[in-house]
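Please read the structure below before turning to the comments.
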Amino acid sequence: MSVILTNHPIIAKNSFNNSPIQTNLINNLPKTASDAASDAENILPKPHPLPETLQQWQDSSGDYFSEIAPISSVGYLIWSKFPVTVYIQTPTLEELETFEGKSLQTWVTFVSQAVAEWSVYFPLKIIDDPETADIAIWRRRPGLRLSETGEILPARSAEANYQLYHISQQKSDNSTDNLPDNLPESLAHKFTILLSPTQTGSYIQSAAKHELGHALGIWGHSPLETDVMYLAQVRNSPQISPRDINTLKRIYQQPTYLGWPKLF
């Protein structure tokens, strides 16, 4: 299936570029990217129920919701099934025995800590299968970008990409509802996070927390350094702030096409 693919990088400079939607062919997936975008118009955009942690969250510190833009033909990048599953690339036994073994394990520890920090406010679960995970985190260098004039743009230390696809809604085996066996398809998404292997120490955790914020739905940046979603990477990673969570909660109160069945 073809998917709609876009990226949301964090870079060293204070800039934010919401790249135009591109298409990328994935084997064995039946829909095209244009079909996915067109079909999105045939479902009703509306908000989903908040996860319990966000329901209970109350704070008056303000937010930066005005910096978050919905995606065309999709709406806000909202998860509706919880917990959201996360895969973290794990070194093999052979890799652990190499010179880089210790640094590879340290990388996993820092990324796991970033997931744990977000888990306080949002239901996340680490799993071992990258194919079924909602969010997959890899120790890989983001690809180079070229400007419109062909110049190489500044290298990115981390990047979050999303993919849109259709999923069939299956009736559960123990369901007593008078529903058809095959329910209408709904629009779904997955995230891939790339963290550069050149990053070390606290930079790893800082980048992982920031990119996870994008993957959870904060598709934009904060103008304040005290927020995890500040638009530039900083060495001393701030804690996830009340403003970060206030923004996330407001996002999850917005309408989206994701997760809802097609009307016809």
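Residue numbers (UniProt numbering): 1 to 264. All C-beta atoms in this analysis are idealised placements derived from N, C-alpha and C, irrespective of residue type, glycine included.
Would you mind sorting ASN236 into buried or exposed? The rule is 16 or more other CB atoms within 10 Å of its CB. exposed
Length-filtered (4 minimum) alpha helix (DSSP H) runs lying within the stretch 77-161: 93-96 and 101-119
With a threshold of 16 other CB atoms inside 10 Å of the CB of PHE122, please say whether the residue is buried or exposed. buried
How is SER175 classed by DSSP in three states: helix, strand or coil? Note that SER175 has pLDDT 47, beneath the 50 cutoff, so the model's placement of it is unreliable and no number is given.
Rounded C-alpha distance that separates ASN246 from TRP219: 14 Å
Among residues of its own chain, excluding the 5 on either side of ILE240, which ones have a beta-carbon nearer than 6 Å to its beta-carbon? GLU117 and VAL228
Determine the direct distance from the alpha carbon of THR109 to that of GLU95, and round the result to whole angstroms. 16 Å
Report the option in LEU124, VAL120, GLN58 and GLY217 whose CA atom is closest to the CA atom of ASN161. GLY217
Please confirm whether ILE135 and LEU258 have their CB atoms less than 7 Å apart. no
Roughly how many whole angstroms lie between the Cα atoms of GLU115 and LEU124? The question names Glu, but residue 115 is Val in the sequence shown. Their Cα atoms are separated by approximately 7 Å.
Identify the residues that DSSP records as bridge partners of TYR252: which are they? The partner list for TYR252 (beta bridge, DSSP) is empty, contrary to what the question assumes.
Between which two residues does the alpha helix (DSSP H) containing LEU258 stretch? Note, LEU258: premise wrong, no alpha helix (DSSP H); not H, not E.
Which of the three DSSP states is assigned to THR226 in this structure? coil
Expressed to the nearest angstrom, what Euclidean distance is found between the alpha-carbon atoms of ALA12 and ALA232? Note on ALA12: pLDDT 31, under 50, position unreliable in the model; the coordinate value appears next. Distance between the alpha carbons of ALA12 and ALA232 is about 6 Å.
DSSP three-state assignment for TYR165, whether helix, strand or coil: strand
Does the Cβ of ASN24 have 16 or more other Cβ atoms within 10 Å, making it buried, or fewer, making it exposed? At ASN24, the pLDDT of 33 sits below 50, so the modelled position is not reliable and the matter cannot be decided from this model.
Let's test the definition: count the other Cβ atoms within 10 Å of the Cβ of GLY75 and tell me whether it reaches 16, buried, or not, exposed. buried
Beta-carbon proximity check, ILE137 vs ILE193, cutoff 7 Å: yes
Is ASN161 a contact residue of the ligand FMN, with contact defined as CB to any heavy atom under 6 Å? Among the components of this structure there are no ligands whatsoever, and the ligand FMN is therefore not found.
Beta-carbon within less than 6 Å of ASP177's beta-carbon, same chain only, minus the 5 sequence neighbours each way: which residues are those? Residue confidence for ASP177 is low, a pLDDT of 49 falling below 50, so the modelled location carries little weight; the figure read from the coordinates is stated next. Once the five neighbours on either side are set aside, ASP177 has no close Cβ partner at all.
Determine the DSSP secondary structure at HIS214, reduced to helix, strand or coil. helix
Do you know how far the Cα of ARG141 is from the Cα of PHE65? 30 Å
Determine which residues share a DSSP beta bridge with SER186 and list them. ILE167 and PRO261
Pull up the distance between the alpha-carbon of HIS210 and that of GLN163, whole angstroms please. 19 Å
Where the alpha helix (DSSP H) through LEU231 begins and ends: Run containing LEU231: none; DSSP gives neither H nor E here.
Which partner residues of ILE71 appear in the DSSP bridge assignment? GLY75
Here's the rule: buried if 16 or more other CB atoms are within 10 angstroms of the residue's CB, otherwise exposed. What is GLU52? exposed
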